[in-house]
Amino acid sequence: MQIRLNPFVDDCPECGFDIRVWDVPDAIRTIRYARDLVALACESMDPALLDAQIGDLPSIADHVESLTDVLRSTRNMIMRTNEDDRHDSSLQSILDTVHHEATATGNALRNLTSAELDAALPDADTGHETVELAIRHLAHAVLHQQAAIGRTRRSLGDALTIGVGEVIQVSGSGGGLPKTPLLTARVDKSGVVGDRQASRRHHGAPFQALCLFSAEVIEDFAAQGHPITYGSAGENVTIRGLKWAGMRAGAELQIGDVLCRLTAPAVPCSQNAPWFTDGDFTRLSHDKHPGHSRWYASVITGGAINPGDPVHGL
C-alpha cells in the first residue's frame, strides 16, 4: 500500500512534531539515526505483524517503505539526483534499505553550505521555500513513521504491557550531571523548561526531549554498592512501578499532564562512570543490559509533571 505522507507539516497533532523546536543539526542527526529508530520500534515484534493489516489501514511494512520513499525523493529533490526506489519483503531487508537511504541522505545534507541551505527548494509543489525547511521536515517523516509503527502494533494487539507506575522525582540542571530534584517540572516540546545539556552533540534533540529512568534499577545498582541515586544518570523523570524491561520505542506514556512517546534508549557515556565503583557505565546500555537503560521520549502534549503523578502506557 502506498502511503501519501506529507512531511511538510509544521505542527503535527498525530506525532507531536513542531518545527519551531527543530534546527538543522538536530534534524540531520535524526535522519542519520532513522534506521535505529525504526528498528527499535520493531524490537521483539512477531515477524508476522510486519505485513498484517486491519481493514484498509497501512501495515508496518507500508509505514517503513513510506519513510524510505520520502527520504529518497526529498534527497533527489534537494541534490537534483534521480535514484530509483527499492522495495523489500523481510524486516531485515527493509531496515537495510532504511539504513542506506538515511545514511545517504544524512551524508549529503550535512555537507551543504549556508547558501545551499537557504536556497529555494526546487519543487514548487511542496509550498515551502528553502532546503533548510525541507531538512527539518524530513525529521518529521522519521518520527511520524516511528509513531505510526507503535500505533499499528497496538492496533494489532501487540500493546505495551508495563503496568502502572508513579513519578518518584523530577530533575533538571543547568548543564551536566547529576540532575537535581525539582518541585515540579514544566514540560514543553523541547523538554523540561530550564533543563540544559552540557553538550548537544549527542543530546538535546526534540526526540530526546525527556529522559526517563526506573527507580528500581537505580536502587538495585545502589544496593550493589554503586554511588548512584535519582537524577545521577541524567534522567528528568524517575519512575517506580513500571515493568522497565517491557519499554519499547514507538509506545506512548501518560506522565501526569504530559503525553510522550518513547523514541530510543539513551546511550551511556563516560559522564556516567562516577556512578559505578569500577567506572563501568555500560551497565546502562540497552544493547548489553536490556531493561537497565534510560529511555528518551518526545513530547506530544506538554504540561506539568510532579512527584506522585501516575504513569501508564497507552
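First residue of the sequence shown: 10, per the working numbering; consecutive thereafter.
Yeah, the Cβ is synthetic: ideal placement off N, Cα and C, and Gly gets one too.
None of the values given here were measured: they were computed from a predicted structure.
Apart from the five residues just before and just after residue i, which ones in its own chain have a Cβ nearer than 8 Å to its Cβ?
i, result
"A313", "T193, A194, R195, V196, G265, D266, V267"
"A128", "T139, V140"
"A133", "Confidence at A133 is low in this model, with a pLDDT of 48, below 50, so its placement is unreliable and no value can be given for it."
Taking residue i as the reference, give the member of the options with the closest Cα.
i, options, result
"C24", "V173, S302, V151, G172", "V151"
"H295", "F222, M54, D287", "F222"
"G5", "G322, E125, N315", "Absent from the structure is residue 5, since the part of the chain shown begins at 10 and ends at 323."
"G185", "C278, M86, W304", "C278"
"S102", "A70, A113, P131, L118", "A70"
"L126", "R205, P34, H212, S68", "P34"
"V201", "I171, G311, G250, R160", "G311"
"A254", "G115, H212, S302", "S302"
"K37", "L59, L118, I87", "What sits at residue 37 in the sequence shown is Ile, not Lys. Minimum Cα distance to I37 is reached at L118."
"R29", "V276, T291, K198, A242", "K198"
"R163", "Q62, T122, P274, L251", "Q62"
Grab me the residues of residue i's own chain with a C-beta within less than 7 Å of its C-beta, minus the 5 sequence neighbours each way, in chain order.
i, result
"T83", "A143, L147"
"H149", "P16, V18, C21, F26"
"S307", "G25, L152, P215, F216, A218, C269, R270, T272"
"W31", "R145, A148, P215"
"P316", "V176, I177, Q178, V179"
"R249", "G174, E175, I177, A224, E225"
"P187", "G240, S241"
Taking its Cβ as the centre, do 16 or more other Cβ atoms sit within 10 Å of residue i, making it buried, or is it exposed?
i, result
"N120", "exposed"
"A282", "exposed"
"N245", "buried"
"R89", "exposed"
"T189", "exposed"
"Q233", "exposed"
"A168", "exposed"
"E74", "buried"
"R81", "buried"
"S182", "buried"
"D78", "buried"
"S53", "exposed"
"P319", "exposed"
"I87", "buried"
Spell out the partners DSSP gives residue i in its beta bridges.
i, result
"G174", "V320"
"V196", "V201, G312"
"I69", "Beta-bridge pairing links I69 to no other residue."
"D27", "D20"
"G259", "Paired residues: none, contrary to the question."
"S241", "DSSP lists no partner for S241."
"R249", "E175"
Verify the contact flag: residue i, CB atom, against every heavy atom of the ligand MN, threshold strictly below 7 Å.
i, result
"T106", "Among the ligands in the structure shown, none appear at all, so the ligand MN cannot be discussed."
Only counting the same chain, and skipping five residues up and downstream in sequence, which positions put a Cβ closer than 6 Å to that of residue i?
i, result
"H72", "Q154, A157, I158"
"Q206", "H212, G213"
Taking 8 Å as the cut-off, does the stretch 99-110 touch the stretch 44-55 (at least 3 CB pairs, one atom from each stretch)? yes
For the stretch 152-163 and the stretch 46-55, state whether three or more C-beta atom pairs, one from each stretch, are separated by less than 8 Å. Touching, yes, given that three or more Cβ pairs across the two stretches are closer than 8 Å.
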